[in-house]
Every structure is written in structure tokens, then in C-alpha cells.
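With our numbering applied, the sequence shown has no gaps in its numbers, which climb one by one up to 769 at the end. We put the beta carbon where it would ideally sit given N, CA and C, even for glycine. As C-alpha cells, the structure follows; a few thoughts come after it.
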Amino acid sequence: TKNGSLWKASKQALNFKVTTPPIKKSDGSFAVFDTEKANLFKNHLFNVFQPHQDIPPANLNTVLSYRDIPLPPSLPVKHFSPSAIKFAIQKHTLRKSPGFDLITAEVAKCLPKRAIVLLIYLTPYSDCRTSRSYGSSPKLYFSQNLTSPLIW
């Protein structure tokens, strides 16, 4: 149309905002604004999530003491080499479904050695990175620039 009424109507339809209805407070009034609603929810959640009264203080102290203990050290990560990755790829069947990266078994079996080495560099602790490429210290790897070319 000449006066742009269709344009205005479609623009208003696309800019439609969903409004939340007001919430009734305990005193009978309504919380209309977002800050009032947030305070009402805060008070409700504070009243709902209270500790049980049946818990003896001795049990509570035991739980709190276990909560503050640091985690035990975990076992070291098992290192692996490019040949181990190649063996694992060759071991799987061709009918294996692709993973989250959408690499099928056929594509994985055709990966060149360079691509397998790059896969190893994406993993945190591999044998290739810690012993052959950067010496015995993994700290050297983390100080290297990841965009630098790999030398094999």
C-alpha cells in the first residue's frame, strides 16, 4: 500500500514482546515490575530452601569437615603415541558411526601421519609431546606457541 500500513503491521508483529503477568504478593497486592518479582522470588526461595531441623549438629559438623578436605591426587594420565592412535583407528570396523566431530571410520583410516600427529597435539598429555618433540618436561610444550609449525 502507499501509506505503508502493511509494512507497519508486519514490523509490529515481528517486534512482539512477551510480557509476564504480575505475581500476587502475600499481602494481596501485585508485583508488576521486574525488581519486585525478583525480590518476591528471592524471598520465596529463601523460605523454601532451609536446612532440615532433624539433622543433629554432630552429623552437620562431620559433613562440613569432609567438605573442606582437599581432593586426593588423581592417577597420572596414561601416555600414548601416534602408533597407538593409528592402531586404535585400524582396529575399529568401517561401520562405526561418526563421533561428535562427524569423522567417519573410512575418513579416520585414511588419515595421514601428519593428521594423527596433529590429533595427538590436541590431547593434553601424550607420549609424543612429552618425550620426543619437546623433551622430558611437558612444561616446555605449554610454553610453546600452538600456531608454530610442527617438526617431525
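Contact check, Val-702 vs Lys-726 under 8 Å by CB: the rounded distance?
-> The question names Val, but residue 702 in the sequence shown is Ile. Not really, about 12 Å apart at Cβ, beyond 8 Å.
Leu-736 beta carbon near the ligand GTP (any heavy atom closer than 7 Å) = Of ligands this structure carries none, so the ligand GTP is not represented either.
Thinking C-beta only, is Pro-699 closer than 8 Å to Ile-737?
-> Yes, the pair counts as a contact, with Cβ atoms nearer than the cut-off.
Within the same chain, show all residues whose beta-carbon is closer than 7 Å to that of Lys-713, passing over the 5 residues directly before and after it, in chain order.
-> Within the same chain, Ala-722 come within 7 Å of Lys-713 by CB-CB distance, once the 5 residues on both sides are set aside.
Hey, quick one: how far does the alpha helix (DSSP H) through Val-734 stretch, first residue to last?
-> DSSP places Val-734 in the uninterrupted alpha helix (DSSP H) bounded by 730-738.
With DSSP run on the structure shown, which of helix, strand or coil describes Lys-708?
-> In the structure shown, Lys-708 sits in a helix (DSSP, three-state: H, G or I).
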